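Trainee: Numbering (our numbering), first residue to last: 1 to 378. Backbone N, C-alpha and C define an ideal beta-carbon position, used for all residues, glycine too. Computed from a prediction, not measured in an experiment: that's the story for all the values here.
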Amino acid sequence: MATRKKLIMILAGLAGLAVVVGLVVQYNKDSRAAVQKTSAAVPVSAAQIVAKTMPVRLMAIGNVEPFTTVAVKARVDGQLISVKFKEGDEVRQGSVMFEIDPRPFDASLKQAQANLLRDRALYERANEQEKRYKDLLAKNFISPDAYEQVRTNTATAAATVSGDEAAIDSAKLSIEYCTIRSPVTGYAGRIQIQQGNLVKANDTNPLVTVNQVVPIYASFSVPEQNVSDVRKYQADGVLKVQAAFTNSAHAPINGKLSFIDNTADMTTGTIKLKAEFPNSDKALWPGQFVNVVLTLYEQKDAVVAPSASIQSGPNGQYVYVVKADGTVELRIIKIARAEGNDTVVASGLTAGEQVVIAGQLRLAPGTRVNVGKAAEAS
Numbered sequence: 001m002a003t004r005k006k007l008i009m010i011l012a013g014l015a016g017l018a019v020v021v022g023l024v025v026q027y028n029k030d031s032r033a034a035v036q037k038t039s040a041a042v043p044v045s046a047a048q049i050v051a052k053t054m055p056v057r058l059m060a061i062g063n064v065e066p067f068t069t070v071a072v073k074a075r076v077d078g079q080l081i082s083v084k085f086k087e088g089d090e091v092r093q094g095s096v097m098f099e100i101d102p103r104p105f106d107a108s109l110k111q112a113q114a115n116l117l118r119d120r121a122l123y124e125r126a127n128e129q130e131k132r133y134k135d136l137l138a139k140n141f142i143s144p145d146a147y148e149q150v151r152t153n154t155a156t157a158a159a160t161v162s163g164d165e166a167a168i169d170s171a172k173l174s175i176e177y178c179t180i181r182s183p184v185t186g187y188a189g190r191i192q193i194q195q196g197n198l199v200k201a202n203d204t205n206p207l208v209t210v211n212q213v214v215p216i217y218a219s220f221s222v223p224e225q226n227v228s229d230v231r232k233y234q235a236d237g238v239l240k241v242q243a244a245f246t247n248s249a250h251a252p253i254n255g256k257l258s259f260i261d262n263t264a265d266m267t268t269g270t271i272k273l274k275a276e277f278p279n280s281d282k283a284l285w286p287g288q289f290v291n292v293v294l295t296l297y298e299q300k301d302a303v304v305a306p307s308a309s310i311q312s313g314p315n316g317q318y319v320y321v322v323k324a325d326g327t328v329e330l331r332i333i334k335i336a337r338a339e340g341n342d343t344v345v346a347s348g349l350t351a352g353e354q355v356v357i358a359g360q361l362r363l364a365p366g367t368r369v370n371v372g373k374a375a376e377a378s
């Protein structure tokens, strides 16, 4: 009986050993399969690091402003009898915009001309009288006081004639002011006073506002710490500025920096700048918002990597560099700035190296890659 129990225990032990051996064998098979699977090349896309000239630029949101804004006002009182343009029209410099009733000023002119004729006749008579009295004084027929009285009358008559001539000039000027012309070439806004109304000289509200849009300005602000660089490179020459609309097919518009404010805004820590654009096609319009790019200088031989290759990790930004043996290396880098699809690298990469731009999620240091099949991998 005891022998039988011992035999059963031995058989049970052998069965357990067989199970353990089977598990070990299966584990080894799975491990080899996992190793084989891990060692398979990961399909990725890669691009080469290049050295090229890259612009150093400042970017901001700008607001378009008219080159000149003129509030057109009347310079004489009167009734507005004619409006020679429509709201929103383009008006040329010197073109007639409004006409005020000139008849009261015509009457004033005629009165001033009549006064001049009268006073000029009086002056001529006084002048002749002064000549006679001067001869009499030379012969001692009259006293010096009598001659001085006549000479004073002549001078008074001459002054009266000069006053009349000034009154005529003033009347003519008032008649000229009855025709209001555009001071600049631009676009007229809303007409504030309609035809038939009485207008007042230098009234608070203008008759209309004219904006000159060719050329035109775009104002924008940059951080105050960048102003020293802006002034430095502006001293070397004209700084180029580009203005573009968000989500617009219109090509960027080229201009130049024309103004740097003399005071920083203490509430925002920025300084206002202004760029001038030719705007010959009138693409820019007052009040619009544009994306402004100010180019300071061109950096030669900058190390440039595709922005798609840059990854962020706990130790900063990094890229996967494809080595000669087909594996990848994780490389910590420092970025100087980003320019759209390109990123200027300050350190960590050299021109000619390859970096992964797609497929990074499946990579680790030392992973073997198959360059050029990232689309299949995704």
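#1: Take L236 as the anchor and find which of L257, E128 and A201 has the nearest alpha-carbon.
#2: Let me make sure I understand the geometry here. Which of T179, K52 and Q129 has the alpha-carbon closest to that of V345?
#3: Is it buried or exposed, P144, if we count other Cβ atoms within 10 angstroms and call 16 or more buried?
#4: So the candidates are V238, D261, I175 and T267; which of them puts its Cα closest to the Cα of G255?
#5: Check each candidate in Q317, N370, D203 and Y177 and name the one with the smallest Cα separation from G348.
#6: Report yes or no: do the region 133-140 and the region 94-102 share at least 3 C-beta pairs separated by less than 8 angstroms?
#7: So, do the region 214-230 and the region 283-294 have three or more beta carbon pairs nearer to each other than 8 angstroms?
#8: Comparing alpha-carbon positions, which option in A146, Q111 and A157 lies nearest E124?
#9: Using only alpha-carbon positions, find the residue among G88, G352 and A336 that is nearest to V56.
#10: Rounding to the nearest angstrom, what Cα-Cα distance links E329 and V321 in this structure?
#11: Please confirm whether V304 and Q311 have their CB atoms less than 8 angstroms apart.
#12: Along the beta strand (DSSP E) that carries F105, what are the first and last residues, could you check?
#13: Please list, in chain order, all residues of the same chain as G196 whose beta carbon is under 8 angstroms from its beta carbon, the five residues on each side excluded.
#14: For S221, which beta-bridge partners are listed by DSSP?
#15: Which word fits I332, buried or exposed, when buried means at least 16 other C-beta atoms lie within 10 angstroms of its C-beta?
#16: When DSSP builds the beta bridges, which residues end up paired with T156?
#17: Measuring CB to CB, does A47 end up less than 8 angstroms from P306?
#18: Taking DSSP's pairing of strands, which residues face N211 in a bridge?
#19: Name the residue from I191, E87, Q111 and T268 whose alpha carbon lies nearest to the alpha carbon of A166.
#20: Below 8 angstroms on the Cβ atoms is my guess for K282 versus V213; work out the distance and round it to an integer in Å.
#21: Please report the distance separating the alpha-carbon of Q149 from that of I175.
#22: Could you have a look at Q360 and say whether DSSP puts it in helix, strand or coil?
#23: Where do the ends of the beta strand (DSSP E) carrying K240 lie?
Mentor: This is what the structure holds:
#1: Sequence check: residue 236 is Asp here, not Leu. Answer by Cα proximity: L257.
#2: Of the residues T179, K52 and Q129, the one whose Cα lies closest to the Cα of V345 is K52.
#3: exposed
#4: Out of V238, D261, I175 and T267, V238 has the C-alpha closest to the C-alpha of G255.
#5: The shortest Cα separation from G348 among Q317, N370, D203 and Y177 belongs to Q317.
#6: By the Cβ test, the region 133-140 is not in contact with the region 94-102, since fewer than three Cβ pairs between them sit closer than 8 angstroms.
#7: yes
#8: A157
#9: A336
#10: 5 angstroms
#11: no
#12: Looking at the DSSP string, F105 is not in any beta strand (DSSP E); the run it does join, the alpha helix (DSSP H), is R103 to A138.
#13: Closer than 8 angstroms at Cβ, skipping near neighbours: Q79, L80 and I81.
#14: K272
#15: exposed
#16: None, per the DSSP bridge assignment.
#17: Yes; because the gap between Cβ atoms is below 8 angstroms, this pair is in contact.
#18: T69 and Y187
#19: Q111
#20: 6 angstroms
#21: Those two C-alpha atoms are separated by around 39 angstroms.
#22: helix
#23: K240 to A244
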